[in-house]
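Under our numbering, the first residue of the sequence shown carries the number 9, and numbering increases by one thereafter. All C-beta atoms in this analysis are idealised placements derived from N, C-alpha and C, irrespective of residue type, glycine included. Notes follow the structure.
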Amino acid sequence: MAVVGACAPERARFARETARRTGRMLVSAQRVGASPEPVAEAMSLLPWCSRPQGAVVEFPECTDVTEVIGASAAADSGVVLTGVLCVVDAAHLLADLHREDCVIHPALPHTRPRHTARALLSVMCVEFASAVVLVNWEPLTTPELSTVLALVNHLGPRARLRLHHGERDPWLREIAASATRYDVTQERSGWVTLLNREHDPYMTDPRVTALHYENVRPLHPGRLARLLDRRIESGEFGTVVRSAGFCRLATRSHVIARWNHVGRMICLSPLASDAHVAEGEELLALGQDLGIIGLDLDVPALREALDDAALTDEELAAGPGAWAAFEDPFPVWPTLSDRSG
């Protein structure tokens with residue numbers, strides 16, 4: 009069982025409590041974090057666990073939770089992951105998701121350290137959790153708590169939500185007893201369920217909205233950059249907390265890009281080239297296919313603004329030769345062959 013979360017003191021405290029109350033061995037974040045590869049370190053330690061109940065592993069904040077899931081699901085891992093418990097500081101959730109700094113991942117000798125946006129790691133912990141445990145929720149008003157619960161449930165609709173009450177929590181052993189093996193094919197993220205038209209959160213709040221945005225036309229990169237920098241980031245349409253999915257830039261129209269946004273961080277990165285799609289295979293997307301989750305969203309205005317960033321009829325008719333001359337302020341992408349190498 010993995011314990012993850014952005015706030016180290018609360019995460020460590022909850023991991024100790026979980027291990028003690030479920031009779032499991034505790035592997036602390038301090039222990040695995042001493043290695044430049046915390047996930048690999050945990051996988052090497054766990055086969056030595058002598059407790060029949062298993063172990064609780066607390067992972068440091070630099071950990072990508074998808075690496076934990078992938079490593080445990082590997083055929084030769086010898087480790088069974090039965091739960092990901094994400095500890096969320098309820099009073100600081102929005103601040104955590106709007107952080108602009110990066111986590112520096114430990115590096116092996118003679119290699120460069122990797123940098124990952126702290127907000128992205130935080131939101132992924134929520135999205136891939138089997139249970140989200142809210143701590144420090146008591147100072148929130150009832151409306152504030154309702155909004156936080158609904159937002160968490162929209163981000164991770166497959167996760168169970170629990171308010172932490174310390175020693176009075178009867179659900180901790182229940183979660184441990186009812187745990188099932190994690191599978192890499194499980195689709196837990198709210199944005200993925202939006203794209204699959206399976207998004208059905210059980211917690212709602214008037215302030216929290218989720219929408220599925222589609223548009224087959226490529227995006228004009230200059231207009232998109234201005235929309236992101238001047239209008240979405242300023243909160244003109246409300247607070248877009250999370251958006252993710254697929255898109256195409258007109259200047260790079262042969263490539264499907266991954267759209268990955270949380271808070272004030274956005275990254276567009278190449279996923280697949282149309283030239284490499286085998287006969288009979290489906291494209292990931294024709295144009296934009298985005299799941300968007302936010303607070304106080306003006307959905308019609310946001311949809312219209314995204315539509316305006318796509319090519320007009322005249323631009324579309326001009327063809328890729330004309331598109332190549334469009335303003336494109338986004339960073340140059342490595343070629344897909346470079347990435348695979």
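Boundaries of the alpha helix (DSSP H) harbouring L53: 46–53, taken from the DSSP string. Rounded to whole angstroms, the gap between the alpha carbons of F136 and A167 is 8 angstroms. Judged by DSSP in its simplified three-state form, G299 adopts strand. DSSP places R24 in the uninterrupted alpha helix (DSSP H) bounded by 16–30.
N144 sits in coil when the DSSP states are folded into three classes, being neither helix nor strand. Every unbroken stretch of the beta strand (DSSP E) spanning 3 or more residues and falling wholly within the stretch 149–209 is given here in chain order: 168–171. In this structure P55 is exposed. Its beta-carbon is surrounded by fewer than 16 other beta-carbon atoms within 10 angstroms. The shortest C-alpha to C-alpha distance from G230 to any of A325, V270, A280, E335 is the one to E335. Around the beta carbon of E66, 16 or more other beta carbons sit within 10 angstroms, so the residue counts as buried. When DSSP assignments are scanned along the stretch 66–139, the uninterrupted stretches of alpha helix (DSSP H) that are 4 or more residues long and fall wholly within it turn out to be 73–81, 101–105, 126–135.
Of the other Cβ atoms in all chains shown, fewer than 16 fall within 10 Å of the Cβ of E312; this residue is therefore exposed. Going by DSSP, E222 is part of the beta strand (DSSP E) stretching over 216–223.
In this structure, the beta-carbon distance from V12 to T74 does not fall below 8 angstroms. If you draw a straight line from the Cα of P178 to the Cα of N268, it comes to about 37 angstroms.
W331 sits in a helix when the DSSP states are folded into three classes.
In this structure, DSSP gives W267 an extended state, which the three-state scheme calls strand.
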